[in-house]
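Chains as they are written, first to last, in my numbering: chain A, 1 to 497; chain B, 498 to 989. We put the beta carbon where it would ideally sit given N, CA and C, even for glycine.
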């Protein structure tokens with residue numbers, strides 16, 4: 001049983017998805033999904049323990065040995081991602097039923113959960129597999145289900161947002177496929193570790209570089225790296241709130257994983273960083289992304305959109321860490337990947353609760369929300385402080401590591417610019433806080449809703465505060481996250497731990 | 498109880514108080530009782546720690562390791578103890594004052610007020626006892642965030658705007674400069690622990706260290722060195738007890754305390770004078786002292802005048818720290834205490850005048866000495882202490898500061914300090930003189946205000962009397978203060 005865990009991680013939600021059709025009834029399907037997701041979280045925790053004690057796990061599909069058959073490979077980096085995805089998915093699912101009751105028609109609920117599980121298994125698959133073509137397959141599974149999930153949003157613009165994402169996402173996936181095809185053509189293998197070995201000896205540098213560039217561009221489209229981020233704000237804004245919370249915390253992280261995996265494990269950092277000025281390019285794009293997205297966020301009046309832009313800015317931070325090509329830079333990136341999932345999970349889930357009570361998330365509707373929904377608003381405040389990077393939250397930890405990585409290379413100016421970026425975060429977070437705590441509630445709403453208790457129901461509060469608690473806990477006790485990120489970064493760059 | 502436990506209690510007690518305050522929020526008397534009881538407990542803890550410290554105990558506590566080799570830990574050293582003693586004592590006094598003030602003024606959201614106040618005190622204790630720069634930074638940010646709701650307490654458009662300035666300057670400087678400085682220090686020196694003599698090796702690149710010093714001094718926005726002083730006048734929209742304790746004592750003193758700590762325990766007095774930027778910063782602080790005094794003279798709003806006076810006095814302390822002589826450090830430490838008692842009294846008086854006579858403009862305050870004799874007499878004494886003439890406690894600190902400038906051969910700065918004291922006289926003394934003798938410099942025909950006795954509420958009046966007597970007592974009996982200040986440099 002234990003040896004089957006890597007495959008169960010992916011197959012469990014994949015198999016569970018069609019089963020939902022038989023259950024039909026919305027509540028029943030929800031409970032079923034919750035159990036499935038919780039089980040896959042349990043599996044990733046078990047995998048984490050296993051990786052910590054025995055090192056890299058390799059699983060051969062159908063007993064075929066690695067380069068011929070499909071291999072699932074779980075190392076520190078993979079297990080970190082698996083843990084993020086499955087635990088966020090479980091927490092988000094707790095709130096799902098209450099939220100979609102209001103946002104999605106009853107007869108579509110079953111399909112919603114099916115798509116959700118498919119998206120989940122797609123993402124888990126991308127991470128777990130050690131086969132390049134498999135990555136593409138799972139990428140399509142998770143993306144297609146994500147397009148459909150976004151299109152379920154009750155605003156008609158959701159369709160347009162989903163369409164935009166579909167076009168951009170398909171271009172990205174196609175690019176990745178072309179890149180993988182080229183690599184297959186050069187080497188005749190699809191297994192990642194086998195690819196890495198063979199690519200190192202290849203003489204056709206030009207084809208190799210072309211393949212690399214196709215993959216990088218494709219992944220960056222999925223990652224929403226500036227200036228390829230245009231699909232993201234609309235997709236996050238108009239998707240059902242639950243979908244936003246799930247995707248915001250996980251989807252870009254998976255894309256980032258692909259970027260790191262292809263750069264370090266497949267092509268090798270010597271090729272990736274030496275042949276083309278990738279480091280400078282990524283550093284510049286990351287920085288510009290931080291500033292453009294943060295400044296755009298300041299001017300948003302839809303709070304979901306505001307935090308969507310903040311997500312793009314945070315992708316910028318991760319890319320800056322990545323672009324340095326050092327162990328500490330990569331540690332900062334991985335750490336921020338983990339931490340950002342916690343922040344955005346908490347914030348978007350809290351926004352789902354606001355959406356549930358108020359029916360929209362325009363900034364005007366937040367007036368007086370500090371009094372009307374104190375616990376939800378407090379969660380947004382703590383999530384926001386974490387985005388800014390205030391001490392005792394996770395945001396501070398990743399900011400600290402990023403700064404140390406930059407100063408290690410004497411890049412004072414960039415360190416200063418990044419800090420300026422977090423000052424911009426203060427501005428956009430504080431706009432919300434001011435409106436929520438220092439403006440009287442809108443008059444027409446108060447009269448009508450005063451009678452009932454306005455705080456979000458427990459199905460929201462429990463997962464929100466679990467995530468907020470994680471934001472604080474991992475901001476104080478950083479052993480798990482730092483140790484994971486650090487050893488993953490070390491093994492990627494090839495320094496003996 | 499062991500001293501280690503007491504040390505941790507000093508941070509935990511106010512924090513627990515804040516939780517209890519929220520729980521008991523519906524019953525005003527119980528809620529205020531919680532604050533008073535915990536303030537008394539805190540003072541008890543402080544006196545215990547003081548005796549523990551004077552009997553040569555090494556008291557320290559370790560909480561947890563936040564990141565590898567970055568600890569949240571605490572240690573007692575004289576400067577921190579001095580700061581914590583003042584803050585804890587004045588918390589009790591201010592609470593007594595606040596109860597009178599807030600109830601008479603019928604302020605909204607009083608639970609939030611007392612809760613944030615307690616958190617701020619807890620943060621101050623954390624700052625005072627932090628064993629390294631990292632711990633200090635954490636509590637520094639907690640202090641900024643916990644005082645924001647106090648500044649915007651009124652919730653009006655003006656309060657929100659000031660809140661923006663407050664948070665904008667304090668957070669921006671701390672994120673942009675202070676954090677960068679701390680990370681760089683950690684990277685260069687490999688440690689953030691406070692050590693007598695500094696953490697840098699003597700052969701460090703002077704330009705780099707000079708740059709770090711700039712980052713530190715600008716990064717500690719709470720020290721209100723011009724041009725980063727604007728938050729302090731902005732914070733004056735807060736209720737008077739907040740201005741009194743936080744923006745005359747806790748927050749601003751946390752700022753200069755940080756600068757003093759950085760100068761003495763990070764750079765060290767040997768390295769500091771050799772840095773290329775020290776002289777520039779000294780003159781900047783000197784300019785801050787003079788300019789703020791001049792601006793203060795032009796303010797008609799009493800609280801604003803006091804705020805600019807604070808900016809000016811904070812410059813004294815920064816100068817003392819940057820002089821890097823033993824007298825300078827002693828003077829700075831003593832001025833932290835002396836200015837605290839003086840300025841809090843002045844703010845108490847300003848609040849008392851506002852509550853009983855509804856006056857906030859200085860031009861309207863002629864003759865109020867007849868209505869509020871006790872208040873205005875306290876104002877007079879506190880003014881003397883700020884100016885630095887007997888019988889005010891400020892005499893001693895200014896004396897040491899002047900000695901410090903002489904020791905460091907900074908004659909220009911000595912001149913600045915003396916000139917500024919003259920300016921202090923010009924903007925503080927006329928107030929109490931006009932209060933008691935309204936006819937000076939005035940047309941005989943203008944009608945005099947009514948002379949009915951109208952003192953502040955009793956709880957507030959007690960606070961005023963206590964702090965103003967402290968100004969006198971510390972003049973006559975400055976030994977404990979001097980003992981602590983002088984032992985700052987001798988621990989090791």
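Other residues of its chain near residue i: CB distance less than 7 Å, five sequence neighbours each side excluded
i	result
residue 788 of chain B	723
residue 484 of chain A	76, 80
residue 581 of chain B	507, 543, 622, 625, 626
residue 796 of chain B	802, 805
residue 82 of chain A	9, 44, 47, 124, 127, 128
Nearest-angstrom beta carbon gap, residue j and residue i [assumed within contact, 8 Å]
i	j	result
residue 647 of chain B	residue 510 of chain B	At roughly 20 Å, the Cβ-Cβ gap does not stay under 8 Å, so residue 647 of chain B and residue 510 of chain B are not in contact.
residue 999 of chain B	residue 852 of chain B	One cannot answer for residue 999 of chain B here, as it falls past the ends of chain B, which runs 498 to 989.
residue 210 of chain A	residue 182 of chain A	6 Å
residue 323 of chain A	residue 279 of chain A	5 Å
residue 293 of chain A	residue 226 of chain A	6 Å
residue 389 of chain A	residue 471 of chain A	About 12 Å separates the two Cβ atoms, so there is no contact after all.
residue 325 of chain A	residue 269 of chain A	6 Å
For residue i: DSSP bridge partner residues
i	result
residue 73 of chain A	A/58
residue 377 of chain A	Residue 377 of chain A is not bridged to any residue.
residue 690 of chain B	B/629
residue 362 of chain A	A/302
residue 129 of chain A	A/72
Under 9 Å by beta carbon: chain A residues contacting residue i
i	result
residue 561 of chain B	476, 477
residue 538 of chain B	What residue 538 of chain B touches in chain A: nothing, since even the nearest Cβ is about 25 Å away.
residue 681 of chain B	403, 407, 412, 415
residue 649 of chain B	434, 437, 438
Per-residue contacts from residue i into chain A (C-beta, under 7 Å)
i	result
residue 669 of chain B	423
residue 549 of chain B	Per Cβ cutoff of 7 Å: no residues; residue 549 of chain B is ~28 Å from chain A at best.
residue 657 of chain B	434, 438
residue 652 of chain B	438
residue 684 of chain B	404, 407, 408
residue 969 of chain B	By Cβ distance, chain A contributes nothing, its closest Cβ being about 40 Å from residue 969 of chain B, past 7 Å.
Cβ shell of residue i (< 6 Å), same chain only, five flanking positions each side left out
i	result
residue 154 of chain A	103
residue 766 of chain B	821
residue 642 of chain B	none
residue 451 of chain A	With a pLDDT of 44 at residue 451 of chain A, under the threshold of 50, the predicted position of this residue should be treated as unreliable, though the coordinate-derived value follows. So no residue of the chain qualifies.
residue 577 of chain B	625, 626
residue 437 of chain A	370
residue 90 of chain A	37, 38, 41
residue 239 of chain A	150, 153
residue 482 of chain A	none
Within chain B, partners of residue i - CB distance below 9 Å
i	result
residue 455 of chain A	Those do not exist, as residue 455 of chain A stays about 16 Å from chain B at its closest Cβ, beyond 9 Å.
Beta-carbon proximity check, residue i vs residue j, cutoff 8 Å
i	j	result
residue 676 of chain B	residue 634 of chain B	yes
residue 66 of chain A	residue 115 of chain A	no
residue 779 of chain B	residue 607 of chain B	no
residue 837 of chain B	residue 587 of chain B	yes
residue 862 of chain B	residue 804 of chain B	no
residue 545 of chain B	residue 503 of chain B	yes
residue 320 of chain A	residue 345 of chain A	no
residue 223 of chain A	residue 132 of chain A	no
residue 456 of chain A	residue 377 of chain A	no
residue 921 of chain B	residue 859 of chain B	no
residue 403 of chain A	residue 717 of chain B	no
residue 663 of chain B	residue 732 of chain B	yes
residue 785 of chain B	residue 812 of chain B	yes
Interface partners of residue i on chain B, CB under 8 Å
i	result
residue 391 of chain A	634, 635, 638, 639
residue 29 of chain A	Simply none; closest approach about 40 Å.
residue 430 of chain A	661, 664
residue 482 of chain A	564, 565
Beta-carbon neighbours of residue i, restricted to chain B and to distances below 7 Å
i	result
residue 465 of chain A	What residue 465 of chain A touches in chain B: nothing, since even the nearest Cβ is about 17 Å away.
residue 419 of chain A	672, 673, 676, 677
Cut-off 8 Å between Cβ atoms - residues of its own chain near residue i, not counting five sequence neighbours on either side
i	result
residue 628 of chain B	557, 568, 570, 571, 572, 690, 691
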